[in-house]
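First to last, the sequence lines map onto chains V and G. The numbering of the first sequence is my numbering, which starts it at 448 and goes up by one. The numbering of the second sequence is my numbering, which starts it at 4 and goes up by one. Where a beta carbon is used, it is the ideal one built from N, C-alpha and C, also for glycine. This one's a predicted model, so the numbers in the text were calculated from it and none came from an experiment.
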Amino acid sequence: MIEVHELTKRYGDREAVKRISFSAARGQVLGFLGPNGAGKTTTMRMLTGFLPPSSGTARIAGFDIFSQSAEVRRRIGYLPENPPLYLDMTVRSYLTFVARLKGIERGRVRSACEDVIERTGLGNVAGRLLAHLSKGYKQRAGLAQALIHDPEVLVLDEPTIGLDPRQIIEIRQLIKTLAGNRTVILSTHILPEVAQVCDKVVIINEGRIVCEDTIANLTRTATLEEVFLRYITADSAAAEDVAHGPGSAAEL
Amino acid sequence: MRNILTIAGRELRAIFASPIAYVVMTGFLLLGGWFFFNLLARFNLLVSMYSSFQGGAEAMERLNVNEFVIGPLFHNLSVVLLIIVPMITMRSFAEEKRAGTYELLLTSPIATWEIVVGKFLGVVSFIALMIGLTSVYGIILSLYGNPELGIMLAGYLGLLLLGITFVAIGLFASSLTENQIIAAVTGLVMLLLLFVIAWPADSAGPTIGAVLRYVSVTEHFADMIRGVIDTSTLVYFATMIVGWLFLTQRSVESIRWR
């Protein structure tokens with residue numbers, strides 16, 4: 448469903464994402480893990496067509512993200528790190544707007560809205576202004592926006608960030624129930640979240656993929672924390688060696 | 004077309020959802036009323052002065068309401084538009100970028116030119132409504148006097164085309180930044196330049212002078228207020244509007260090649 452091949456993003460001289468490749472099958476929930484600034488958001492922005500890659504390709508549902516961007520965008524639901532909400536609109540009018548934007552046929556706009564409102568549990572705030580909602584409900588509205596056109600692929604950028612524990616649990620539950628036969632990419636740096644929600648893990652550090660495996664395989668001998676730290680520190684140390692050589696490392 | 008209307012509808016709602024729309028509209032109509040009242044009062048004074056003169060009847064012939072009230076009114080309103088249009092267009096793109104909704108727009112299956120044209124139509128309908136409301140002045144004049152309707156309508160068309168051109172330029176300024184203040188100031192400076200670009204025309208030599216005069220919006224606008232609608236003026240406005248919208252589209256699209 449998602450095949451990423453040697454995807455690279457450069458900002459000027461700096462390579463934010465370096466030749467990454469990974470894949471996810473239909474129905475899989477893929478946890479995209481990494482420290483802050485590792486390149487998670489940049490990768491997601493490339494997959495959703497917001498930013499073009501500097502080189503490399505990715506195919507989503509068989510369509511190339513660069514040359515067939517419109518087809519890809521039709522099939523993808525994207526929740527950016529800050530939910531893209533128009534705070535001056537009510538939940539219902541906002542979702543109606545998004546439904547039209549996503550190209551849902553005129554006759555089905557209303558039912559698509561009501562459907563997604565129910566699935567994301569927004570029923571009792573549907574008539575309220577987005578500006579007046581709590582952070583948890585805003586996040587739900589963001590999810591509803593990503594889901595409204597029933598996309599084959601869902602891309603969620605840190606969907607639980609800044610929520611209180613109860614809200615985090617609710618959103619995770621929601622993501623699990625929404626997955627169904629969709630492919631979900633979910634970025635996070637909260638490890639237990641991955642263990643609870645995902646089938647497969649990709650760990651990215653300093654723009655490179657350092658690990659791609661299923662949860663079951665990774666946690667066979669160690670906890671996810673240990674695995675994560677091992678990969679991240681091993682990778683950083685290796686990078687350090689390459690950059691400075693053993694001599695300069697000793698001076699530190 | 005549907006995508007364009009969706010964006011246009013959202014833009015128009017956003018304008019009315021913020022207090023800016025009401026402040027701007029009230030200010031525009033208040034100033035318009037003030038100009039209208041004073042121009043009319045002056046016209047009245049002239050009429051009563053001339054009629055008390057010996058041989059004033061001849062001079063009275065030359066007093067005409069189109070030239071003494073409507074023309075100056077349109078000129079004054081054009082200056083007000085120059086200042087307030089950037090304040091309406093400033094949020095169009097800048098605010099979307101700041102709020103993160105830009106990502107929603109650009110990752111939706113909709114072309115960037117549809118976003119640009121949609122936003123343009125949304126703001127233009129607001130400006131058209133605002134200009135339309137000033138038609139009370141025309142109606143009052145027609146009830147109590149007999150202005151030449153054709154000239155007045157040409158002037159209105161001129162004011163509308165001027166406002167639409169300003170919107171296209173303001174949108175371009177907004178597409179450059181995520182800071183609304185910068186968008187407003189950039190837009191204002193660009194519009195002012197467009198107003199005064201013909202100032203050196205007399206000293207710049209015949210060719211450059213003619214080019215500057217053609218580029219400047221003021222002469223075309225003045226023509227229309229005098230009731231002259233010629234093809235070169237219409238071509239001028241059409242080129243300006245389409246050209247600036249094209250540049251806006253390139254500017255929005257540029258995120259994809261940076």
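Quick test of your reading: V602(V) and L494(V), contact by CB under 8 Å. State the CB separation rounded to the nearest angstrom. Here the question's residue 602(V) lines up with position 155 in the first sequence. Here the question's residue 494(V) lines up with position 47 in the first sequence. Between L494(V) and V602(V) the Cβ distance is about 6 Å, and since that is below 8 Å, they are a contact.
Check your understanding: What number of angstroms, rounded off, separates the C-alpha of Q252(G) from the C-alpha of M90(G)?
Key -> The residue given as residue 252(G) occupies position 249 in the second sequence. The residue given as residue 90(G) occupies position 87 in the second sequence. Cα to Cα, the separation comes out at about 20 Å.
Problem set entry | Per-residue contacts from K549(V) into chain G (C-beta, under 7 Å) | As a working note, residue 549(V) is residue 102 in the first sequence. By Cβ distance, chain G contributes S111, P112.
Within the 8 Å Cβ cut-off, does A97(G) reach chain V?
Along the second sequence, read from residue 1 onward, the residue named residue 97(G) stands at position 94. Answer no: the Cβ-Cβ gap between A97(G) and chain V never drops below 8 Å.
**Asked** Hey, would you say T607(V) sits closer than 8 Å to I637(V), going by beta carbons?
**Response** Working through the first sequence from its first residue, we reach residue 607(V) at position 160. Working through the first sequence from its first residue, we reach residue 637(V) at position 190. Contact flag set, yes.
query = Can a CB atom of chain V be found closer than 8 Å to the CB of S21(G)?
reply = As a working mapping, residue 21(G) is identified with position 18 in the second sequence. Chain V contact via Cβ: present.
CA nearest to the CA of A11(G), picked from L164(G), Q57(G), S95(G), F38(G) | The residue labelled residue 11(G) in the question sits at position 8 within the second sequence. Nearest of L164(G), Q57(G), S95(G), F38(G) to A11(G), Cα basis: S95(G).
Exercise. Given that a residue counts as buried once 16 or more other Cβ atoms are within 10 Å of its Cβ, and exposed if not, what is R13(G)?
Worked result: Within the second sequence, the letter at position 10 stands for residue 13(G). So R13(G) counts as buried.
**Prompt:** Which residues, taken in chain order from the stretch 490-501 of chain V, show a beta carbon closer than 9 Å to some beta carbon of chain G?
**Reply:** R492, T495, G496, F497, L498, P499
Going by the CB atoms, is the gap between V126(G) and T92(G) shorter than 8 Å? By 1-based counting over the second sequence, the position of residue 92(G) is 89. By 1-based counting over the second sequence, the position of residue 126(G) is 123. Against a cut-off of 8 Å, the Cβ pair of V126(G) and T92(G) comes out as a contact.
* Asked: Of all Cβ atoms in chain V, is any one closer than 8 Å to the Cβ of R13(G)?
  -> Position 10 of the second sequence, counted from the first residue, corresponds to residue 13(G). By this cut-off, R13(G) is an interface position.
- prompt: Is it right to say W247(G) is buried, meaning 16 or more other beta carbons lie within 10 angstroms of its own, or is it exposed?
  reply: As a position in the second sequence, residue 247(G) is number 244, starting the count at 1. By the 10 Å Cβ count, W247(G) comes out buried.
C-alpha gap between L48(G) and Y140(G), whole angstroms = Numbered from its first residue, the second sequence carries residue 48(G) at position 45. Numbered from its first residue, the second sequence carries residue 140(G) at position 137. Distance between the alpha carbons of L48(G) and Y140(G) is about 19 Å.
* To do: Would you mind sorting I130(G) into buried or exposed? The rule is 16 or more other CB atoms within 10 Å of its CB.
  => Start at 1 with the first residue of the second sequence, and residue 130(G) comes out as number 127. The residue is buried, with at least 16 neighbouring Cβ atoms inside 10 Å.
**Message:** When you compare the CB of D511(V) with every CB in chain G, is at least one pair closer than 8 Å?
**Reply:** Start at 1 with the first residue of the first sequence, and residue 511(V) comes out as number 64. So no, D511(V) is outside the interface.
So, for I18(G): in the same chain, excluding its five sequence neighbours on each side, which residues have a beta-carbon less than 6 Å away from its beta-carbon? Taking the second sequence and counting its residues from 1, the one referred to as residue 18(G) is at position 15. Cβ within range, chain order: A24, F129.
Practice problem: For S81(G), name the three-state secondary structure that DSSP assigns. | Solution: As a first step, residue 81(G) must be located in the second sequence, where it is residue number 78. S81(G) falls in the helix class under three-state DSSP.
I want to know whether the stretch 500-519 of chain V touches the stretch 588-595 of chain V - three or more CB-CB distances under 8 Å. no
| request: Under 9 Å between beta-carbons, which chain V residues line up against T92(G)? List them in chain order, please. | output: Numbered from 1 along the second sequence, position 89 holds the residue referred to as residue 92(G). The premise fails here: T92(G) is roughly 17 Å from chain V at the closest Cβ pair, so nothing lies under 9 Å.
In chain V, what lies closer than 8 Å to T9(G) by C-beta?
In the second sequence, the residue the question calls residue 9(G) occupies position 6. Going along chain V in sequence order, the residues near T9(G) (Cβ under 8 Å) are F544, R547, L548.
Can you look up H579(V) in the DSSP assignment and give me helix, strand or coil? Working through the first sequence from its first residue, we reach residue 579(V) at position 132. It is helical.
Within 8 Å (strictly less), CB to CB, does A213(G) reach chain V? For the purposes of this step, residue 213(G) is taken as the residue at position 210 of the second sequence. Not one chain V Cβ lies under 8 Å of A213(G).
* Asked: Under a Cβ-count criterion, where at least 16 other Cβ atoms within 10 Å of its own Cβ denotes burial, should V72(G) be classed as buried or exposed?
  -> The count along the second sequence starts at 1 and reaches residue 72(G) at position 69. V72(G) should be labelled buried.
Using a Cβ-Cβ distance cut-off of 8 Å, determine whether A262(G) contacts chain V.
Missing from the structure shown is residue 262(G); chain G here goes from 4 to 261 and no further.
Cβ of M4(G) less than 8 Å from any chain V Cβ? Taking the second sequence and counting its residues from 1, the one referred to as residue 4(G) is at position 1. Judged by the 8 Å Cβ criterion, M4(G) is not in contact with chain V.
Item checked: Under 8 Å by beta carbon: chain G residues contacting Y678(V) -> As a first step, residue 678(V) is located in the first sequence; it is residue number 231 there, counting from the start. Simply none; closest approach about 29 Å.
Burial state of I172(G), where buried means 16 or more other Cβ atoms lie within 10 Å
Numbered from 1 along the second sequence, position 169 holds the residue referred to as residue 172(G). That one is buried.
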